[in-house]
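Student: Dumping the structure here so I can ask a few things about it.
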Amino acid sequence: MRMLDRAVALTIPAVPKPIVGYFSKRYIAGPAVGDAFRVARALESEGACATFDILGENIRSLDEARENTGAYVELIRGIAAEGFASINVSVKLTALGLLLDRPECLENARRIAGAARDAGGFLRVDMEDSPCTDATLEVYRALRPAFGKHVGVVVQSRLRRTIEDVEALTGEPANFRLCKGIYLEPRPIAYTDPEIIRRNFTLLLERMLERGAYVGIATHDEILVWDALRLVRRFGLSRDRYEFQMLLGVEDELRRILLSAGHRVRVYVPFGEQWYAYSVRRLRENPQIAGYALQAIFKRG
Ligand SMILES: Cc1cc2nc3c(=O)[nH]c(=O)nc-3n(C[C@H](O)[C@H](O)[C@H](O)COP(=O)(O)OP(=O)(O)OC[C@H]3O[C@@H](n4cnc5c(N)ncnc54)[C@H](O)[C@@H]3O)c2cc1C
Numbered sequence: 186m187r188m189l190d191r192a193v194a195l196t197i198p199a200v201p202k203p204i205v206g207y208f209s210k211r212y213i214a215g216p217a218v219g220d221a222f223r224v225a226r227a228l229e230s231e232g233a234c235a236t237f238d239i240l241g242e243n244i245r246s247l248d249e250a251r252e253n254t255g256a257y258v259e260l261i262r263g264i265a266a267e268g269f270a271s272i273n274v275s276v277k278l279t280a281l282g283l284l285l286d287r288p289e290c291l292e293n294a295r296r297i298a299g300a301a302r303d304a305g306g307f308l309r310v311d312m313e314d315s316p317c318t319d320a321t322l323e324v325y326r327a328l329r330p331a332f333g334k335h336v337g338v339v340v341q342s343r344l345r346r347t348i349e350d351v352e353a354l355t356g357e358p359a360n361f362r363l364c365k366g367i368y369l370e371p372r373p374i375a376y377t378d379p380e381i382i383r384r385n386f387t388l389l390l391e392r393m394l395e396r397g398a399y400v401g402i403a404t405h406d407e408i409l410v411w412d413a414l415r416l417v418r419r420f421g422l423s424r425d426r427y428e429f430q431m432l433l434g435v436e437d438e439l440r441r442i443l444l445s446a447g448h449r450v451r452v453y454v455p456f457g458e459q460w461y462a463y464s465v466r467r468l469r470e471n472p473q474i475a476g477y478a479l480q481a482i483f484k485r486g
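So, in structure tokens, the structure goes:
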């Protein structure tokens, strides 16, 4: 961290809450579920749809994991009750106890997947850092037989292993979100050259589509969007075989361009009481404000 950054980092706890809120409000819907619904309704009115994420801190006990599970089940019921066209949530397995008790985490994930299935909705299992990759994919595999088209997982083009994971998972119908990956991983397991990460993204997308998977193409990188459109055309895919996904507050213009061309676009809508603790922690670590909110959403502390 540069000296100036370090100085800024030290002063962050003194930054008034409204200022932290000002910087995070572009990326985070707000503290309450009603804030997320309001944002999702606005997105729906422009033709986009949402996936909802409840922000959480690191959990220390299985009680917290159960609480988080209950909150997601409630959220799914709430989305259904509000009458949204798409009932879709994104969950980090560490919030359900992945690092505390794997069988219990799977049970928690089953509860949420069950609620999604009962509501005709969808549970997306987010991907976290590399120590979680195997366990996350195992949970996804374990959920698939019972919850089929109601569950999907995320894979990251940054990781060298992902091509093999995709091949192993596409033996049966699969549903992926493909992203670059927010966690900086060591070179032995991850590509570090941005151009290779990009090319791998396109390679993975091509392999997924060839093998009949549904793909959420999660990027704001217009070269990758262009590549995806090229593949969609080449495979002659109908609009129900893929969707584009973007983060709240990022590249609104590209979102509108894709919507007006008739593509399905889903926006990641994070919300929750933990927004402040999260934002401060991330700001302290990375005072270069531009990227901090994104990290707040995807990295656990
Ligand atoms: C819907 C969705 C879900 C995701 N889920 C996961 C997940 O489960 N696990 C995971 O590891 N990662 C996840 N990510 C994050 C992802 O891995 C990337 O880190 C992130 O999307 C940035 O990569 P990019 O492809 O947009 O390309 P980049 O090259 O990073 O960005 C392309 C352009 O988009 C704009 N941009 C990107 N980010 C920002 C920002 N924060 N603020 C302002 N402008 C920005 C800039 O103009 C930038 O030049 C997700 C991303 C999306 C969109």
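Residues 186 to 486 (this note's numbering) make up the sequence shown, in order. By construction, the Cβ of each residue, glycine as well, lies at the ideal position given by its N, Cα and C atoms.
1. Quick check on Y207: buried or exposed, where buried means 16 or more other Cβ atoms within 10 Å of its Cβ?
2. Just to confirm, are V205 and Y399 a CB contact at a threshold of 8 Å?
3. From I213 to A221, what does the alpha carbon distance come to, in whole angstroms?
4. So, F269 versus E229, is the Cβ gap smaller than 8 Å?
5. In the DSSP assignment, the alpha helix (DSSP H) including F222 goes from what residue to what residue?
6. Output the distance between the C-alpha atoms of E407 and E357, rounded to the nearest integer angstrom.
7. Kindly say whether E313, judged by its beta-carbon, lies nearer than 8 Å to any beta-carbon of chain C.
8. Would you say the beta carbon of R326 is closer than 7 Å to some non-hydrogen atom of ligand 3?
9. With distances taken between CB atoms, is the gap from I239 to A256 smaller than 8 Å?
10. Helix or strand or just coil, what does DSSP make of D311?
11. For D412, is the classification buried or exposed, using 16 other Cβ atoms within 10 angstroms of its Cβ as the cut-off for buried?
12. Taking all protein chains shown into account, do 16 or more other C-beta atoms lie within 10 angstroms of the C-beta of A475, making it buried, or fewer, making it exposed?
13. So the candidates are I297, R384, L260; which of them puts its Cα closest to the Cα of L363?
14. Within 10 angstroms of the Cβ of D311, are there 16 or more other Cβ atoms? Answer buried if so, exposed if not.
15. For E313, is the classification buried or exposed, using 16 other Cβ atoms within 10 angstroms of its Cβ as the cut-off for buried?
16. Can you tell me whether M431 sits near ligand 1, meaning its C-beta is under 7 Å from at least one heavy atom of the ligand?
17. In the DSSP assignment, the beta strand (DSSP E) including F456 goes from what residue to what residue?
18. Pull up the distance between the alpha-carbon of L416 and that of R245, whole angstroms please.
19. My output table needs one value for T404: the three-state DSSP class, helix, strand or coil.
20. Taking 7 Å as the cut-off, does the CB of T404 come closer than this to any heavy atom belonging to ligand 1?
21. Measuring from the CB of L291, is there a heavy atom of ligand 1 at a distance below 7 Å?
22. To which residues of the same chain is Q430 closer than 7 Å at the C-beta, ignoring the five residues directly before and after it?
23. Inspect the beta-carbon positions of A294 and L328 and report whether they are closer than 8 Å.
24. Over what stretch of residues does the alpha helix (DSSP H) that includes E438 continue unbroken?
25. Report buried or exposed for A375, applying the criterion of at least 16 other Cβ atoms within 10 angstroms of its Cβ.
26. Thinking C-beta only, is L439 closer than 8 Å to P455?
27. On the criterion of 16 or more Cβ atoms from any shown chain inside 10 Å, does K202 qualify as buried, or is it exposed?
Tutor: On the basis of the supplied data:
1. With fewer than 16 Cβ atoms within 10 Å of its Cβ, Y207 is classed as exposed.
2. Contact check for V205 against Y399 fails: the beta carbons are separated by 8 Å or more.
3. Looking at the backbone, the Cα of I213 and that of A221 are separated by about 8 Å.
4. Between F269 and E229, the C-beta gap is smaller than 8 Å, which places the two residues in contact.
5. According to the DSSP assignment, F222 belongs to the alpha helix (DSSP H) that extends over 218 to 230.
6. Each residue's Cα considered, the two are about 30 Å apart.
7. Reference to chain C is not applicable here, since this structure consists of a single protein chain.
8. What this structure holds is ligand 1, not ligand 3.
9. A contact, by the Cβ cut-off of 8 Å.
10. In the displayed model, D311 falls within coil according to three-state DSSP, outside both helix and strand.
11. Burial call: buried.
12. Confidence at A475 is low in this model, with a pLDDT of 47, below 50, so the placement of that residue should be treated as unreliable; the coordinate-derived value is given next. The residue is exposed, with fewer than 16 neighbouring Cβ atoms inside 10 Å.
13. Among I297, R384, L260, the Cα nearest to that of L363 belongs to R384.
14. That one is buried.
15. By the C-beta density criterion, E313 is buried, having at least 16 other C-beta atoms within 10 angstroms.
16. Remark: the shortest separation between the CB of M431 and any heavy atom of ligand 1 falls under 7 Å.
17. For F456, the enclosing beta strand (DSSP E) covers residues 450 to 456.
18. Per the coordinates, the alpha-carbon of L416 lies some 44 Å from the alpha-carbon of R245.
19. The answer is coil: DSSP assigns T404 none of H, G, I, E or B.
20. Answer for T404: yes, Cβ within range of ligand 1.
21. No.
22. R362, G401, I402, A403, R451, Y453, listed in sequence order.
23. Yes, Cβ-Cβ distance for A294 and L328 is below 8 Å.
24. Run containing E438: 437 to 445, per the alpha helix (DSSP H) assignment.
25. Within 10 angstroms of the beta-carbon of A375 lie 16 or more other beta-carbons, which makes it buried.
26. Not closer than 8 Å, so no.
27. Within a 10 Å sphere around the beta-carbon of K202 sit fewer than 16 other beta-carbons, which makes this residue exposed.
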